[in-house]
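J.:
In our numbering, the protein residues as written are 1 to 289.
#1: In the DSSP assignment, find the alpha helix (DSSP H) that holds residue 203 and state where it starts and stops.
#2: Going by CA-CA distance only, name the one from 123, 190, 236 that's closest to residue 197.
#3: For the beta strand (DSSP E) containing residue 234, list its first residue and its last residue.
#4: Leaving aside the five residues before and after residue 273 along the sequence, list all residues of the same chain whose C-beta is less than 6 Å from its C-beta, in chain order.
#5: Give, in chain order, every unbroken run of the beta strand (DSSP E) that is at least 3 residues long and sits entirely within the region 161 to 193.
#6: Compute the beta-carbon to beta-carbon distance between residue 176 and residue 133, rounded to the nearest angstrom, for a pair I have assumed lies under 8 Å.
#7: With a CB to CB cut of under 8 Å and the five nearest residues on each side skipped, what residues in its chain are close to residue 181?
#8: Rounded to the nearest angstrom, what separates residue 171 and residue 183 at their Cα positions?
#9: Cα separation between residue 157 and residue 56?
#10: For the region 34 to 52 and the region 87 to 95, state whether three or more C-beta atom pairs, one from each stretch, are separated by less than 8 Å.
#11: Would residue 223 pass as a contact of residue 199 if the rule is Cβ separation under 7 Å?
#12: Taking 6 Å as the cut-off, is the CB of residue 240 close to at least one heavy atom of the ligand PLP?
#13: Could you check whether residue 284 and residue 210 sit closer than 7 Å to each other, using their CB atoms as the reference points?
#14: How would you write the range of the beta strand (DSSP E) that residue 263 sits in, first residue to last?
#15: Runs of 4 residues minimum, wholly inside the region 43 to 107: which ones carry the alpha helix (DSSP H) assignment?
#16: Going straight from the alpha carbon of residue 131 to that of residue 162, what length do you get?
#17: Do residue 126 and residue 160 have their beta-carbon atoms positioned less than 7 Å apart in this structure?
#18: For residue 254, which of 148, 193, 233 has the nearest alpha-carbon?
#19: With DSSP as the reference, please indicate the residues paired to residue 247 in a beta bridge.
#20: What is the DSSP secondary structure of residue 130, reduced to helix, strand or coil?
#21: Just confirm the distance between the C-beta atoms of residue 258 and residue 195, as a whole number of angstroms; I'd bet it's less than 8 Å.
#22: Quick check on this structure: which residue in 240, 243, 238, 247 has the alpha carbon closest to the alpha carbon of residue 229?
#23: Quick one, which of 43, 240, 261 has its alpha-carbon nearest residue 282's?
#24: Exposed or buried, what is residue 207 when buried is set at 16 or more other beta-carbons lying within 10 Å of its beta-carbon?
#25: Over the uninterrupted beta strand (DSSP E) stretch that includes residue 155, give me the two end residues.
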């Protein structure tokens with residue numbers, strides 16, 4: 001009987017010890033949950049507030065740049081750069097609020113920087129290209145350019161890309177790396193541009209009279225500049241026509257309007273003057289046996 005009582009007491013003591021251990025474990029879990037909950041709650045608050053502050057700072061920066069009348073080209077680049085930097089700071093702050101050692105995180109990020117840099121070497125080249133574009137300014141926001149086989153109006157120069165809007169309203173993202181090292185044609189860089197027309201007339205027509213008609217059409221358009229003086233001459237004796245060339249200078253914004261309007265006016269003037277336009281002709285000789 002004594003043996004049974006001792007065994008029961010031992011079992012009771014063991015159960016008490018296990019219950020105490022379980023209670024301590026539960027207390028630790030509760031403490032960890034409370035601590036983790038605090039960190040998570042703090043991280044959520046920092047993220048929400050930080051996101052609001054980032055948006056506010058971006059708006060303040062945009063207003064400041066507009067108020068100071070900073071070049072739109074620089075505005076788009078700076079806004080893109082500042083937004084990325086602020087978001088990186090926000091991410092680091094959220095990670096720190098979660099209890100992660102930011103110093104260790106920064107060291108890990110630095111050690112991974114080489115690998116990331118190698119993986120993103122193309123993007124780093126685009127970043128350097130964007131800085132070169134801002135420094136040497138081969139084009140700016142609002143210019144109409146041609147590069148990499150596409151033409152369009154520059155609507156933004158971001159950190160990694162130049163955004164072009166084409167004539168049919170398609171948007172093209174061109175990497176800044178190739179924009180800084182490739183061929184770029186800027187149609188708006190100079191204040192004036194030369195317009196050229198080639199007009200064919202029939203063989204047998206009076207070329208002097210035809211030239212005079214073209215000069216009259218040119219002289220009647222006030223958008224065509226007098227200096228440099230317009231140039232009209234016989235360019236070539238083609239297979240089916242005598243080709244006249246006319247070259248004039250206009251202000252860059254007037255280029256397309258003058259080009260299209262003058263085509264119509266030359267056509268109407270030639271019809272009134274009785275000057276014939278040529279048609280493709282082919283002479284066939286028939287040999288009879």
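A virtual CB, placed ideally from N, CA and C, is assigned to each residue, including glycine. Computed from a predicted structure; not experimentally measured.
T.: Reading from the atomic positions:
#1: Translated into positions along the chain shown, residue 203 becomes position 203. No alpha helix (DSSP H) holds residue 203; DSSP gives it neither H nor E.
#2: If you number the chain shown from 1, residue 197 lands on position 197. Checking every option, the nearest Cα to that of residue 197 belongs to 236.
#3: Here residue 234 corresponds to residue number 234 of the chain shown, with the count starting at 1. Looking at the DSSP string, the run of the beta strand (DSSP E) that includes residue 234 is 231 to 237.
#4: Against the chain shown, residue 273 aligns to sequence position 273. Result list for residue 273: 213, in chain order.
#5: 161 to 165, 171 to 175, 184 to 186
#6: In the chain shown, the residue the question calls residue 176 occupies position 176. In the chain shown, the residue the question calls residue 133 occupies position 133. With 8 Å as the limit, residue 176 and residue 133 qualify as a contact, their Cβ atoms being about 6 Å apart.
#7: Your numbering for residue 181 matches position 181 in the chain shown. Correct list, in chain order: 129.
#8: Locating residue 171 in the chain shown gives position 171, counting from the first residue. Locating residue 183 in the chain shown gives position 183, counting from the first residue. Straight-line Cα distance between these residues: approximately 20 Å.
#9: Mapped onto the chain shown, residue 157 falls at position 157. Mapped onto the chain shown, residue 56 falls at position 56. Answer to the nearest angstrom: the Cα atoms are 22 Å apart.
#10: yes
#11: Start at 1 with the first residue of the chain shown, and residue 223 comes out as number 223. Start at 1 with the first residue of the chain shown, and residue 199 comes out as number 199. Result no, Cβ atoms of residue 223 and residue 199 do not sit closer than 7 Å.
#12: Inclusion of the ligand PLP in the displayed structure is not the case, the ligand content being empty and no account of it being possible.
#13: Translated into positions along the chain shown, residue 210 becomes position 210. Translated into positions along the chain shown, residue 284 becomes position 284. In this structure, residue 284 does not lie closer than 7 Å to residue 210 by Cβ.
#14: The count along the chain shown starts at 1 and reaches residue 263 at position 263. Careful: residue 263 lies outside any beta strand (DSSP E), inside the alpha helix (DSSP H) at 255 to 273.
#15: 72 to 97
#16: Position 131 of the chain shown, counted from the start, is the residue given in the question as residue 131. Position 162 of the chain shown, counted from the start, is the residue given in the question as residue 162. Roughly 12 Å between the two C-alpha positions.
#17: Along the chain shown, one-based indexing puts residue 160 at 160. Along the chain shown, one-based indexing puts residue 126 at 126. Going by C-beta atoms, residue 160 is nearer than 7 Å to residue 126.
#18: By one-based count along the chain shown, residue 254 stands at place 254. The option with the nearest alpha carbon to residue 254 is 193.
#19: In the chain shown, residue 247 corresponds to position 247, counting from 1. Residue 247 pairs with 196, 231.
#20: Residue numbering aside, residue 130 sits at position 130 when the chain shown is read from its first letter. Three-state DSSP puts residue 130 in a helix.
#21: Taking the first residue of the chain shown as 1, we reach residue 258 at position 258. Taking the first residue of the chain shown as 1, we reach residue 195 at position 195. At roughly 6 Å, the Cβ-Cβ gap stays under 8 Å, so residue 258 and residue 195 are in contact.
#22: Along the chain shown, read from residue 1 onward, the residue named residue 229 stands at position 229. Here the closest residue by C-alpha is 247.
#23: Translated into the one-based positions of the chain shown, residue 282 becomes position 282. Looking at the Cα atoms, 240 is the closest of the given residues.
#24: In the chain shown, counting from the first residue as 1, residue 207 sits at position 207. Under this definition residue 207 is an exposed residue.
#25: To locate residue 155, count along the chain shown from 1; it is residue 155. Where residue 155 is concerned, the enclosing beta strand (DSSP E) stretches over 150 to 157.
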